[in-house]
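In what follows, a single structure is set out as structure tokens and then discussed.
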Amino acid sequence: MKVEIRERGKKERRHAYVVFAAKDDSNVLSGLPEDAQAALMGAVPASFGSDGTSFTTPLPSDSPALRLYAFGTGKSLTITPRKARTLLRSVAKLLEKNGETTVLLDLPFSLERMNPAEGREFLLRHLFLSNYSFTRYKTGEAKEKKTELTSVRLSALRGLWTGVSEKDAEREVRDAEIVAAASALVRDLGNTPSNDLLPRHFAGHAAAEVKKRARKNLTVTVLDKQAIEKEKMGGLLAVNRGATEEPRFVVIQYMGGRKGQKPVALVGKGVTFDSGGISIKPAEKMGEMKWDMMGAATVLGIVLAASDLGLPVNLVGLTPLTENMPSGSAYKPGDIVTFRSGKTAEIDNTDAEGRVILADALDYAKTFNPEVVLDYATLTGAAVVALGFEAGALFSESDELAAGIVSAGERTDDRIWRLPLWDEYKENIKSDWADVKNTGGRWGGAINGAMFLKEFAPEGALWAHLDIAPTANYDREYAGYATGATGYGIALTLRWLRDRLALAGSSKN
Ligand SMILES: [Zn+2]
């Protein structure tokens, strides 16, 4: 999809002209661009502007488009980000169903919780993602290509774009397109079935994405099983024991910042399929466990997007990758695992494997002497029990880091909510036989997982754990997201990195 923001050409006529109206405008037409007002005078249904309503009408021959599509936003044009995303998706679906390909779009919204620049970024990103679908495995009739939105032109100088120069607007469009492309890649990786996304496939995709870019400051190293053994990553190797497929550990580095500046390390759980292992999961919904690598995909997406945006930051992405399978060689409940750090853990439940592979990855992060370590993992069902589908769970001992991440989440609609990491919880993961145990009983499951990771977080670095199980993927269309992976965490992290740069810049003055 091509998106432009500029005054429309005089002669050009588009297929569809899309406008939005709020019901509480004393004159509901007054919020619309003038040419749309004129075309609609006396032609609008009584419900025009009410939340969820829409109507279509042909336009006269001197209009900028063949047909007008009007959508209602309810009481106000100041709406929640979620509502904006949902509207953009339903608009894209309706237009594509009707065979429209070129669109003139008027976006008069303001977004709650976001300043104008953040709002523009959000709207553009979700405009690019509005017609996302994953159809790689459809064939024949199902494959038949639907029409696709190819060109969207936004009305210049309206809504959040009021007062923005054409040049700035163009740059923002380009940036949003980069982040949307990273999100689409991450969604594709997540939605790919696990038979085609084995650890070696994931590593191959990461390597290909880096190679394609051919940039000196963007590099990738893939550790194979032998190299992982050499690193003594006992946790990753233990979880991998039940699988026929070998593990991988991908290190992707983007050095866009000052030379010698400590990097931010991003660690992502990459369990490409999680059967639970010997502590096997129930059959129902087990297929969803193809998404248990969303942490790793998120990390890859963040590093690639930061590089594509040219952010002046140093990033190291670390993704341990394995399947978790039951077999005669699988690791078992009661086993004791020795990690890269030398610490030991009793395996109480082989389905709590994410923390077991992350323990080694967090420890490995030490070798890069990072300033901050963030880890992303679809770690616990308990996080979903606690927060539903509306927010990820955040854990950090640093109030400042936590506040920065929560704020970045609010301003990108990748919302996240902090839960405690108090020492008292350590009691839950005590083991009679080893340093720690990989489960902590029934209560506070998301916290127990975080407490386990805390044991391995590099000393001397700030650390936060993002349990993205609630928001990484949905099993149906939800909140304006297509079924499947969402790309949650990418926009949040890029926002946080930019906030950090802004802060560092201002403290220098
Ligand atoms: Zn598991």
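Quick note: the sequence shown uses this note's numbering, first residue 4, plus one each step.
Where a beta carbon is used, it is the ideal one built from N, C-alpha and C, also for glycine.
Closer than 7 Å: residue i CB and nearest ligand 1 heavy atom
{"i": "Ala488", "result": "no"}
{"i": "Asp171", "result": "no"}
{"i": "Asn327", "result": "yes"}
{"i": "Asp277", "result": "yes"}
{"i": "Ala449", "result": "no"}
{"i": "Asp199", "result": "no"}
{"i": "Glu291", "result": "no"}
{"i": "Ala355", "result": "yes"}
Coil, strand or helix - residue i by DSSP
{"i": "Glu249", "result": "coil"}
{"i": "Met117", "result": "coil"}
{"i": "Trp466", "result": "strand"}
{"i": "Ser399", "result": "strand"}
{"i": "Pro373", "result": "coil"}
{"i": "Val47", "result": "coil"}
{"i": "Ala68", "result": "strand"}
{"i": "Asp54", "result": "coil"}
{"i": "Leu108", "result": "strand"}
{"i": "Trp420", "result": "strand"}
{"i": "Phe74", "result": "strand"}
{"i": "Pro61", "result": "strand"}
{"i": "Thr567", "result": "No information on residue 567 is available, as it lies outside the stretch 4 to 512 that the chain covers here."}
{"i": "Val386", "result": "First, the amino acid is wrong: residue 386 is Ala here, not Val. Three-state DSSP puts Ala386 in a helix."}
{"i": "Arg17", "result": "strand"}
{"i": "Asp378", "result": "strand"}
{"i": "Ala488", "result": "strand"}
{"i": "Ala394", "result": "coil"}
{"i": "Lys5", "result": "strand"}
{"i": "Ala24", "result": "strand"}
Among the options, the one whose alpha carbon lies nearest that of residue i
{"i": "Ile493", "options": "Arg16, Glu458 and Gly271", "result": "Gly271"}
{"i": "Ser278", "options": "Asp366, Met328, Asp402 and Arg218", "result": "Met328"}
{"i": "Leu377", "options": "Leu314, Pro266 and Met289", "result": "Pro266"}
{"i": "Leu192", "options": "Gly391, Gly75, Met297 and Ala355", "result": "Met297"}
{"i": "Thr442", "options": "Arg203, Val359 and Thr370", "result": "Val359"}
{"i": "Arg2", "options": "Gly483, Val375 and Arg445", "result": "A query on residue 2 cannot be resolved here, the shown segment of the chain reaching from 4 to 512 and no further."}
{"i": "Arg16", "options": "Ser154, Thr83 and Ile305", "result": "Ser154"}
{"i": "Thr138", "options": "Ile419, Leu98 and Ala187", "result": "Ala187"}
{"i": "Leu504", "options": "Gly313, Asn352 and Lys440", "result": "Gly313"}
{"i": "Ala245", "options": "Leu465, Arg251, Gly452 and Ile281", "result": "This sequence places Gly at residue 245; Ala is not what is there. Nearest of Leu465, Arg251, Gly452 and Ile281 to Gly245, Cα basis: Ile281."}
{"i": "Glu99", "options": "Arg161, Ala19, Ala437 and Asp227", "result": "Ala19"}
{"i": "Lys293", "options": "Glu7, Arg88 and Pro196", "result": "Pro196"}
{"i": "Val242", "options": "Thr150, Ile350 and Ala286", "result": "Ile350"}
{"i": "Gly320", "options": "Phe398, Ala299 and Pro119", "result": "Ala299"}
{"i": "Thr247", "options": "Gly237, Lys262 and Arg203", "result": "Arg203"}
{"i": "Leu307", "options": "Arg501, Ile181 and Lys86", "result": "Ile181"}
{"i": "Thr104", "options": "Glu151, Lys26 and Ala183", "result": "Glu151"}
{"i": "Pro250", "options": "Ala268, Gln256, Gln264 and Gln229", "result": "Gln229"}
{"i": "Asp426", "options": "Lys440, Trp420, Ala449 and Met454", "result": "Met454"}
{"i": "Thr301", "options": "Ala268, Ile283, Leu465 and Ala286", "result": "Ala268"}
{"i": "Gly508", "options": "Ala209, Gly260 and Ala449", "result": "Gly260"}
{"i": "Arg174", "options": "Ala120, Tyr140, Asn134 and Phe276", "result": "Ala120"}
{"i": "Ala42", "options": "Lys214, Ala73 and Ser57", "result": "Ala73"}
{"i": "Asp295", "options": "Lys78, Thr381, Ser401 and Leu160", "result": "Thr381"}
{"i": "Glu287", "options": "Phe398, Thr322, Asp478 and Phe252", "result": "Asp478"}
Cβ-heavy atom distance, residue i to ligand 2, below 7 Å
{"i": "Phe125", "result": "Judged by which ligands are present, ligand 2 is missing from the structure shown, whose ligands are ligand 1."}
Cβ of residue i within 8 Å of any chain D Cβ
{"i": "Val387", "result": "Protein chain content of the structure displayed is limited to a single chain, and chain D is not contained in it."}
Worksheet entry | Within the stretch 133-181, ranges of the alpha helix (DSSP H) (whole runs, at least 4 residues) | You should have 143-146.
Item to complete: Would you list, in sequence order, the uninterrupted alpha helix (DSSP H) runs of no fewer than 4 residues that lie entirely inside the stretch 217-297?
Response: Runs of the alpha helix (DSSP H) inside the stretch 217-297: 228-233 and 237-243.
Item to complete: Would you list, in sequence order, the uninterrupted beta strand (DSSP E) runs of no fewer than 3 residues that lie entirely inside the stretch 288-357?
Response: The stretch 288-357 is shown to contain whole beta strand (DSSP E) runs of 3 or more residues at 317-327, 339-341 and 347-349, in chain order.
Worksheet item: Quick one: complete beta strand (DSSP E) runs, 3+ long, within the stretch 419-462?
Response: The stretch 419-462 is shown to contain whole beta strand (DSSP E) runs of 3 or more residues at 419-421, in chain order.
Worksheet item: Hey, which unbroken runs of the alpha helix (DSSP H) at 4 residues or more fall wholly within the stretch 186-219?
Response: Correct list: 202-216.
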